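**Student:**
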Amino acid sequence: MEALVTPGSSKSSGEARSVLMRTGIGAWTILAMALAGCSGGDSAAPPPPPPPVNRAPVITSAATRSFAEGTADASYAITATDADNDPITFALAGGVDADDFHFELGSVVAFNAPPDFEAPTDANGDNVYEIIVSASDGTATTTLAVRITVTDVADAFGLRRVVSGLSQPLFLLGRGDGSNRVFIVEKAGQVEILDPTTGALNAAPFLDLRTVIDPSGEQGLLGMALAPDFAASGTFYVHLNNLSGDTEIRRYRTQTANPDLADLSTGDVIFTATQPAASNHKGGFIGFGPDNLLYIALGDGGGSNDAFGNGQNRNSLLAKILRIDPSSDGFPTDPSRDYAIPPGNPFAGGGGAPETFAYGLRNPFRASFDRQTGNLFIGDVGQGAIEEISLIRPGEAGLNFGWPVLEGTRVNQAGSTAGMTAPIAEYAHGSGPRQGNSVTGGYVYRGPVDVLRGQYVFGDFASANIWSIPAASVSQGATIASAAFTIQTAAFAPDLGVIDNIASFGEDDAGNLYVVGLDGEVFRVEPR
3 MEALVTPGSS KSSGEARSVL MRTGIGAWTI LAMALAGCSG GDSAAPPPPP
53 PPVNRAPVIT SAATRSFAEG TADASYAITA TDADNDPITF ALAGGVDADD
103 FHFELGSVVA FNAPPDFEAP TDANGDNVYE IIVSASDGTA TTTLAVRITV
153 TDVADAFGLR RVVSGLSQPL FLLGRGDGSN RVFIVEKAGQ VEILDPTTGA
203 LNAAPFLDLR TVIDPSGEQG LLGMALAPDF AASGTFYVHL NNLSGDTEIR
253 RYRTQTANPD LADLSTGDVI FTATQPAASN HKGGFIGFGP DNLLYIALGD
303 GGGSNDAFGN GQNRNSLLAK ILRIDPSSDG FPTDPSRDYA IPPGNPFAGG
353 GGAPETFAYG LRNPFRASFD RQTGNLFIGD VGQGAIEEIS LIRPGEAGLN
403 FGWPVLEGTR VNQAGSTAGM TAPIAEYAHG SGPRQGNSVT GGYVYRGPVD
453 VLRGQYVFGD FASANIWSIP AASVSQGATI ASAAFTIQTA AFAPDLGVID
503 NIASFGEDDA GNLYVVGLDG EVFRVEPR
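Heads up, the sequence shown is in the numbering used here, so the first residue is 3 and it goes up one at a time.
#1: Could you give the residue range of the beta strand (DSSP E) that holds residue 505?
#2: Just the C-alpha distance for residue 4 and residue 46, rounded to the nearest angstrom, thanks.
#3: Using a Cβ-Cβ cutoff of less than 8 Å, which residues in the same chain neighbour residue 364 once the five nearest sequence positions on both sides are dropped?
#4: When the Cα atoms are used, what is the spatial distance from residue 74 to residue 104?
#5: With a floor of 3 residues, list each beta strand (DSSP E) that falls wholly inside the segment 241-293, ordered by position along the chain.
#6: Per DSSP, residue 96 forms a beta bridge with which residues?
#7: Assuming residue 510 and residue 184 make a contact with CB atoms under 8 Å, what is their CB distance in whole Å?
#8: Opposite residue 402 in the DSSP bridges: which residues?
#9: Can you tell me which residues form a DSSP beta bridge with residue 149?
#10: Is the Cβ-Cβ distance between residue 316 and residue 358 less than 9 Å?
#11: Return the chain-ordered list of same chain residues with a C-beta closer than 7 Å to the C-beta of residue 28, the five sequence neighbours on each side being excluded.
#12: Cβ of residue 429 within 9 Å of Cβ of residue 484?
#13: Put residue 430 into one of helix, strand or coil per three-state DSSP.
#14: Whole angstroms is fine: what's the gap from residue 387's alpha carbon to residue 443's?
#15: Assign residue 337 to one of two classes, buried (16 or more other C-beta atoms within 10 Å of its C-beta) or exposed (fewer than that).
#16: Hey, residue 166 and residue 499 are a contact pair by Cβ (cut 8 Å); roughly how many whole angstroms apart?
#17: Are residue 142 and residue 89 touching if we call contact CB-CB under 9 Å?
#18: Would residue 427 be called buried (16 or more neighbouring beta carbons within 10 Å of its own) or exposed?
#19: Measure the CB-CB distance between residue 225 and residue 191 and report whether it falls below 9 Å.
#20: Within its chain, find whatever has a CB closer than 6 Å to the CB of residue 67; leave out the 5 residues flanking it on each side and keep chain order.
#21: Looking only at its own chain, which residues have a Cβ that is under 6 Å from the Cβ of residue 333, when we skip the five neighbours before and after it?
#22: Which complete beta strand (DSSP E) runs does the segment 432-471 hold, if anything under 3 residues is left out?
#23: Got a sec, what are the start and stop residues for the beta strand (DSSP E) residue 299 sits in?
#24: Do residue 289 and residue 155 have their beta-carbon atoms positioned less than 9 Å apart in this structure?
#25: When you compare the segment 471-491 with the segment 119-139, are there three or more beta-carbon pairs, one atom per stretch, that lie closer than 8 Å?
#26: Which residue wins for smallest C-alpha separation from residue 380, given the options 187, 414, 299 and 519?
#27: So, helix, strand or coil for residue 213, using DSSP?
#28: Would you mind sorting residue 306 into buried or exposed? The rule is 16 or more other CB atoms within 10 Å of its CB.
#29: Alpha carbon to alpha carbon, how far is residue 52 from residue 15? Give it in angstroms, no decimals.
#30: Measuring alpha carbon to alpha carbon, tell me which of 279, 319, 295 and 293 ends up nearest residue 304.
#31: Identify every run of the alpha helix (DSSP H) within the segment 179-236, keeping only runs that are complete inside it and at least 4 residues long; order them along the chain.
#32: What residues are listed by DSSP as bridge partners for residue 304?
#33: I need the DSSP call for residue 331, collapsed to helix, strand or coil.
#34: Hey, how far is the Cα of residue 94 from the Cα of residue 111?
#35: Taking the alpha-carbon positions, what's the residue 239 to residue 438 distance?
#36: Roughly how many angstroms lie between the CA atoms of residue 76 and residue 529, to the nearest whole one?
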């Protein structure tokens, strides 16, 4: 132990031991340290490394895809990488729309059927299909939420002639019974039932009023409307000129034993408007609005420049859009007025004829309600310069469309134009592709042809031109000029026959659009 005493020290070994003991370090500890430092041997072996950590696969396919509707092989291929080079297994793991797909070929998710934009099957019907895919290496699994969007494809369309040989058809409407058939109104007084798929007409007319109608000039059986409860009650209404030339609105019901025939014994003249001796400008439209009230369109009674002074006369029933409630009787002591006045009519409390809803119209022959918005589009036939389309939106009562002071936006007579409502579209008289001489109001298309959907389609009786404007672009008080019309005349060329003398457009229960020619032909717009 002397060696542990610093050389040259004067301390004895006993003193050294005393020092060690005072420092608290045991001799054996010091010895062991010394021996270890001088041994020259190898250190202990290091512990073995931990096993490698598994790394989960990484999905590399995109989180979004897009397909055009009708794509036959619309599918999504899952791709992934694995840093450990482990084999990867793919799967369709879930998602709210997983039932619309199947898994195939080990890594592909495919639609069960070609997607249809018009009939989406995804959970919320927005044509965005949400699924979850997964990739697994047997130890770890990675998932990815995928959104697959189906886009719309504009359908081509054409016109198919569904019937010919009719006697001056003026109007068409759906049969209202789920049969896909239609009613066709003929000017002389008959209503036919047509199956447009086969072109077959019922053997007997649904209604025959030829013995009580004056069909001369612009008169005749002009319009027809089914009651809101027609499916249950069989009640319908017709707009006609009687043998005296006066306007009548008549109510009938179908036969109980055969609903394809009207029961003439139920006939009731619920409304009459006395007409001047002239045989033109009788209006013609009749239809129920979204408020379940009956709207009636009447012209100014005939002649030029409002010869009978009805346009701005609020006490006259002529040159108006009227609104009545035929489900009630506000005049129980008057057998010629079997209806009530809706309280929202602008002159229900005085200041004009209580039936009046809008005024200042020349000859609103054809009008229609947009089945989606409830907007009433009115084709008002002009005099010598302008044809116009006017608009009444839900809740707009008492509009004055200006006739005879205005013809469209053109000043026709002296007078104040304050408070008058401009048309939403107009075109000039002439023979050009954006011109005509007698507007035929149409419909906002809500049928199966994509490219037409949401378009207001209308035409001209004289020129047979057909146009469209986007219904969404229409604004009350702003007039769309004909330069902005989309010319549809060539697109509406039929497979057979010729479109001329467009008496009306029509709409069936499913929203298909028809063109009715006064020469006896009827055509339907169909996808191709």
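Here a beta-carbon is modelled for each residue, glycine too, at the ideal position from N, C-alpha and C.
Predicted model only: the values in this text are computed from it and were never measured.
**Tutor:** Well, looking at it:
#1: Under the DSSP assignment, residue 505 falls in the beta strand (DSSP E) whose first and last residues are 504-509.
#2: In this prediction, residue 4 scores a pLDDT of 38, lower than 50, which makes its location untrustworthy; no coordinate-derived value is stated.
#3: 283, 301, 302, 308, 313, 321, 382, 383, 384, 385, 405, 406 and 409
#4: 14 Å
#5: 249-256, 264-275 and 288-290
#6: 134
#7: 5 Å
#8: 361 and 422
#9: 66 and 132
#10: yes
#11: Residue placement at residue 28 cannot be trusted, given a pLDDT of 46 that sits under 50; the coordinates are not used to answer.
#12: yes
#13: Residue 430: strand per DSSP, three-state reduction.
#14: 17 Å
#15: exposed
#16: With a Cβ gap of about 6 Å, residue 166 and residue 499 count as contacting.
#17: no
#18: buried
#19: no
#20: 78 and 150
#21: 339
#22: 441-446 and 457-462
#23: 296-300
#24: no
#25: no
#26: Selected option, being the one with the closest Cα: 299.
#27: Here residue 213 sits in helix by DSSP.
#28: exposed
#29: Caution is warranted here: a pLDDT of 44 is assigned to residue 15, below 50, making its placement in the model unreliable, and the coordinate value is therefore given only provisionally. In a straight line, the C-alpha of residue 15 is about 52 Å away from that of residue 52.
#30: 279
#31: 232-235
#32: Answer is none; residue 304 lacks a bridge partner.
#33: coil
#34: 7 Å
#35: 31 Å
#36: 23 Å
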